[in-house]
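Notes follow once the structure below has been shown.
Residue numbers (the working numbering): 33 to 183.
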């Protein structure tokens, strides 16, 4: 199970929740569509569990503060590509990342010192931040980016 794929599912689910609420029939259909797109039952289940834990049983996604916008510092621009930053903003807008989680992602990127982090790397780090220790403990506790070589 890859964290980036779970983040992809979370984006799809939050978009649907913002659009039409969290009605059971909609979620069942969406779950079937995700299976047909190649996501595993475990990945889909993990994403649904995260949303239920994070949002509770409300029928609507949290509303982002329309006046809030985080601008990257010049040094942060060295490590985060425009595409990866746009992805981070999208997750924040969808209510998937709190301000603290947003900052933690940026901090993790800076500590990892990966110049021009791409989308796949950003998805891995976001997955680690969103899914937290429960995911880390269950799946080894390490962050590996798609291009990492483990010997």
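All residues carry an ideal CB built from backbone N, CA and C; glycine is no exception. The model shown is predicted, which means the values in this text are computed figures rather than measured ones.
Of 148, 124 and 71, the smallest CA-CA separation from residue 109 is found for 148. Under the 8 Å Cβ criterion, the region 155-163 counts as touching the region 36-48, having at least three qualifying pairs. Considering only 44, 128 and 55, the residue with the shortest C-alpha distance to residue 66 is 44. Taking 8 Å as the cut-off, the beta carbon of residue 151 is found no closer than this to the beta carbon of residue 120. Annotation for residue 55: no alpha helix (DSSP H) segment contains it, and DSSP assigns it neither H nor E. Taking the CA atoms as reference points, residue 123 sits about 6 Å from residue 129. Taking the CA atoms as reference points, residue 82 sits about 7 Å from residue 163. Taking the CA atoms as reference points, residue 106 sits about 44 Å from residue 60. Look at residue 112 here: in three-state DSSP terms it is strand. When secondary structure is reduced to three states using DSSP, residue 104 falls in the coil class, being assigned neither helix nor strand. Residue 145 has its alpha-carbon roughly 28 Å from the corresponding atom of residue 75.
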